[in-house]
Amino acid sequence: MRSSGFRRTTVAAIAGTLLLAGLTACGSGGGGAGDGRTRITVNCEPPRSARVDRGFFEADVASFEERNGDVDVVARDAFPCQDPKTFDAKLAGGQMEDVFYTYFTDARHVVDIGQAADLTPYLKELKSYGSIQKQLRDIYTVNGKVYGIPRTGYSMGLVYNRALFERAGLDPDRPPVSWEQVRVAARKIAALGGGTVGYADYSAQNQGGWHFTAELYSRGGDVVSADGKRATVDTPAGRAVLENLHGMRWADDSMGSKQLLVINDVQQLMGAGKLGMYLAAPDNIPILVKEKGGNYKDLALAPMPGGEGTLIGGDGYMFNKHDTPAQIRAGLKWLDHMFLTPGKGFLGDYARARKNDAPVGLPEPRLFTGGADAEDQRVKKANANVPVENYRAFLEGNRRLRMKIEPPHAQQIYSVLDSVVSAVLTQEDADAGRLLKDASGKIDGILARG
Numbered sequence: 010m011r012s013s014g015f016r017r018t019t020v021a022a023i024a025g026t027l028l029l030a031g032l033t034a035c036g037s038g039g040g041g042a043g044d045g046r047t048r049i050t051v052n053c054e055p056p057r058s059a060r061v062d063r064g065f066f067e068a069d070v071a072s073f074e075e076r077n078g079d080v081d082v083v084a085r086d087a088f089p090c091q092d093p094k095t096f097d098a099k100l101a102g103g104q105m106e107d108v109f110y111t112y113f114t115d116a117r118h119v120v121d122i123g124q125a126a127d128l129t130p131y132l133k134e135l136k137s138y139g140s141i142q143k144q145l146r147d148i149y150t151v152n153g154k155v156y157g158i159p160r161t162g163y164s165m166g167l168v169y170n171r172a173l174f175e176r177a178g179l180d181p182d183r184p185p186v187s188w189e190q191v192r193v194a195a196r197k198i199a200a201l202g203g204g205t206v207g208y209a210d211y212s213a214q215n216q217g218g219w220h221f222t223a224e225l226y227s228r229g230g231d232v233v234s235a236d237g238k239r240a241t242v243d244t245p246a247g248r249a250v251l252e253n254l255h256g257m258r259w260a261d262d263s264m265g266s267k268q269l270l271v272i273n274d275v276q277q278l279m280g281a282g283k284l285g286m287y288l289a290a291p292d293n294i295p296i297l298v299k300e301k302g303g304n305y306k307d308l309a310l311a312p313m314p315g316g317e318g319t320l321i322g323g324d325g326y327m328f329n330k331h332d333t334p335a336q337i338r339a340g341l342k343w344l345d346h347m348f349l350t351p352g353k354g355f356l357g358d359y360a361r362a363r364k365n366d367a368p369v370g371l372p373e374p375r376l377f378t379g380g381a382d383a384e385d386q387r388v389k390k391a392n393a394n395v396p397v398e399n400y401r402a403f404l405e406g407n408r409r410l411r412m413k414i415e416p417p418h419a420q421q422i423y424s425v426l427d428s429v430v431s432a433v434l435t436q437e438d439a440d441a442g443r444l445l446k447d448a449s450g451k452i453d454g455i456l457a458r459g
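Okay, here's the thing in structure tokens:
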């Protein structure tokens with residue numbers, strides 16, 4: 010799953026207000042613009058209601074076309090950038106854009122169904138490719154061929170409220186590093202009273218399954234086997250996840266009585282200063298401030314408790330199998346200009362972001378390596394406008410964690426695991442072993458179907 014929305018500014022409030030463009034309007038344009046120029050359609054343009062992001066995007070497309078007079082870019086907006094309800098239909102119907110957005114978890118699927126262009130012969134057109142983190146490049150590499158280009162990444166951590174930590178007698182500069190410490194801290198924070206919740210977790214709309222996966226990774230577990238053929242949730246690590254949640258919910262009363270929460274519910278609690286901790290990625294922090302009433306100085310981020318691993322995700326662009334060589338070359342140049350030049354472009358122009366009061370300095374995973382990374386970090390540091398010291402623990406702790414991508418068939422599996430997490434948080438007599446055994450059978454069925 011994607012952690013929130015567009016990385017630069019907050020657009021979560023617009024979710025549900027937009028419809029994707031009709032399928033018949035989305036197809037590849039054939040590559041010719043009628044005047045000798047190469048025409049490419051691209052998606053994931055921020056919608057008009059995301060005013061700042063939209064302005065950045067349009068300005069960057071215009072500057073690209075000015076520098077590349079032989080290319081015509083037709084951008085199409087949508088939120089979310091990839092709608093699971095229409096994604097496969099657009100691919101199968103030949104209506105996908107020439108250069109299209111994908112979650113990391115969809116890369117292999119698009120290749121397997123034969124809808125992605127092989128970019129391998131054209132990689133020399135992408136100046137930045139060699140500077141991108143190899144583990145991110147590998148996500149779009151299948152059987153030695155490259156089918157996509159990563160754009161952003163995220164990793165999960167523990168968002169916590171420094172002010173509540175201090176009120177509860179906890180040291181905000183020493184956040185919990187184990188789940189046992191999370192449980193102790195949650196009890197102390199909940200004891201403050203006044204509706205304060207120590208720790209909150211999602212348990213609906215597939216988000217509970219997503220967080221179960223993250224918590225399982227943090228304990229060294231896996232959702233599916235290495236060969237992708239069977240479930241591996243019914244394990245000591247899986248039971249430990251559920252037993253910890255059950256203990257905090259029922260024995261400690263540190264999770265509050267209201268359950269079946271989703272991301273907006275938890276963000277509302279944190280923004281209102283009524284929540285001590287929850288799992289999220291760094292891009293939640295500006296949402297908490299800009300939409301939910303939080304304050305940057307009170308919000309901090311620590312690495313995933315448990316010390317074993319963290320869930321990573323992200324996105325990138327793939328190319329339509331019908332693209333011409335000229336469209337592929339133009340699309341790769343566009344990606345370089347928009348997203349992959351350190352310190353510049355839609356995601357990298359930190360000076361522009363700061364000028365427009367967008368957050369700069371959040372601890373996002375590094376996309377680049379070597380000199381490109383050094384330049385990106387230099388420009389980011391020079392324009393930081395958030396308290397970067399609040400994220401030091403996250404950055405330092407992440408270096409010791411195993412980075413793990415989401416499982417195959419993630420959304421289907423998360424739907425199964427949602428019911429497991431929701432049962433533990435709403436039924437005091439829930440049997441963790443039975444729940445995981447039943448979930449394993451269902452996940453095995455999903456994997457068997459491919």
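Numbering (this note's numbering), first residue to last: 10 to 459.
Beta carbons: idealized from backbone N, C-alpha and C, even for Gly.
These numbers come from a predicted model, not from an experiment.
### Message
Closest to Pro-416 by C-alpha separation, out of Asn-304, Asp-231, Pro-184, would be which residue?
### Response
Asp-231
### Query
Which word fits Ile-122, buried or exposed, when buried means at least 16 other C-beta atoms lie within 10 angstroms of its C-beta?
exposed
### Message
On the criterion of 16 or more Cβ atoms from any shown chain inside 10 Å, does Glu-54 qualify as buried, or is it exposed?
### Response
buried
### Query
Straight-line CA distance for Asn-52 to Leu-445?
39 Å
### Query
Quick one: is Ala-235 buried, meaning 16 or more other Cβ sit within 10 Å of its Cβ, or exposed?
exposed
### Task
Would you check if there are 3 or more beta carbon pairs closer than 8 Å linking the stretch 427 to 443 to the stretch 210 to 230?
yes
#### Entry: Leu-475 in three-state terms, based on DSSP
Since the displayed the chain opens at 10 and closes at 459, residue 475 lies outside it and no answer follows.
### Query
At what residues does the beta strand (DSSP E) containing Met-327 begin and finish?
318 to 328
### Task
Within 10 angstroms of the Cβ of Gln-144, are there 16 or more other Cβ atoms? Answer buried if so, exposed if not.
exposed
### Residues that Met-286 bridges to, as DSSP identifies them
Tyr-169, Tyr-208
### For Leu-310, the residue or residues it bridges with in DSSP
Val-168
### Task
Output yes or no for whether 8 Å exceeds the beta carbon distance between Gly-40 and Ala-335.
A contact, by the Cβ cut-off of 8 Å.
### Task
Work out the CA separation of Val-250 and Val-388 for me, nearest whole Å.
Looking at the two C-alpha atoms, the distance is approximately 40 Å.
### Whole runs of the beta strand (DSSP E) within the stretch 58 to 113, excluding any shorter than 3 residues
80 to 86, 108 to 112
### Message
Would Leu-376 and Gln-124 qualify as a contact pair, given that the criterion is a beta-carbon distance under 8 Å?
### Response
no
### Query
According to the neighbour-count rule (16 or more other Cβ atoms, all chains shown, within 10 Å of its Cβ), is Glu-106 buried or exposed?
Residue burial is scored here from C-beta neighbours: Glu-106 has at least 16 other C-beta atoms within 10 angstroms and is therefore classed as buried.
### Query
Under the DSSP definition of a beta bridge, which residues are partnered with Glu-54?
According to DSSP, which records beta bridges pairwise, Glu-54 is partnered with Asp-86.
### Query
Thinking just about the alpha-carbon of each residue, which of Leu-284, Met-286, Met-279 is nearest to the one in Ile-296?
Ranked by Cα distance from Ile-296, the first of Leu-284, Met-286, Met-279 is Met-279.
### Message
Does the contact criterion of 3 or more C-beta pairs under 8 Å hold for the stretch 96 to 115 versus the stretch 320 to 336?
### Response
Contact holds: three or more Cβ-Cβ distances are below 8 Å.
### Task
Using alpha carbons as the reference points, say which of Tyr-211, Arg-160, His-220, Ala-177 lies closest to Gly-202.
Just measuring C-alpha positions, the residue of Tyr-211, Arg-160, His-220, Ala-177 sitting nearest Gly-202 is Ala-177.
### Message
Extract the residue ranges of the alpha helix (DSSP H) inside the stretch 255 to 299, only unbroken runs of 4 or more that lie entirely within it.
### Response
272 to 280, 293 to 299
### Residues near Gly-204 by beta carbon distance below 7 Å, same chain, minus five either side
Cβ contact annotation for Gly-204 (same chain, cutoff 7 Å, sequence separation greater than five): Lys-283, in chain order.
### Query
Which parts of the stretch 320 to 398 are runs of the alpha helix (DSSP H), unbroken and 4 residues or longer, counting only runs that do not cross its ends?
List check, alpha helix (DSSP H) in window: 334 to 348, 354 to 357, 359 to 364, 379 to 391.
### Query
Does the Cβ of Asn-407 have 16 or more other Cβ atoms within 10 Å, making it buried, or fewer, making it exposed?
buried
### Message
Let me make sure I understand the geometry here. Which of Thr-241, Gly-370, Leu-269, Ile-414 has the alpha-carbon closest to that of Val-395?
### Response
Gly-370
### Task
Give the C-beta separation of Asp-447 and Arg-239 to the nearest angstrom, bearing in mind that I take them to be a contact with Cβ-Cβ under 8 Å.
Between Asp-447 and Arg-239, the beta carbon gap of about 15 Å keeps them out of contact (Cβ cut-off 8 Å).
### Task
Could you give the DSSP three-state label for Gly-454: helix, strand or coil?
helix
### Query
If Arg-228 and Ala-246 are in contact, beta carbons under 8 Å, what's the gap, nearest whole angstrom?
4 Å
### Message
Please tell me whether Gly-357 and Asp-385 are closer than 8 Å, where the distance is taken between their beta carbons.
### Response
yes
### Query
For Pro-159, which residues does DSSP report across the bridge?
Beta bridge pairing from DSSP links Pro-159 with Gly-325.
### Query
Within the chosen definition, does the stretch 170 to 187 reach the stretch 314 to 327 through at least 3 CB pairs nearer than 8 Å?
yes
### Query
Roughly how many whole angstroms lie between the Cα atoms of Thr-33 and Met-165?
Note on Thr-33: pLDDT 36, under 50, position unreliable in the model; the coordinate value appears next. One alpha carbon belongs to Thr-33, the other to Met-165, and they sit about 37 Å apart.
### Query
Since Ser-137 contacts Asp-345 with CB under 8 Å, what's their CB separation in whole angstroms?
6 Å
### Task
Under 8 Å by Cβ, that's how I've got Gly-340 and Gly-157 pegged, so tell me the actual separation to the nearest angstrom.
Their Cβ separation, rounded to whole angstroms, is 11 Å, which puts Gly-340 and Gly-157 out of contact at 8 Å.
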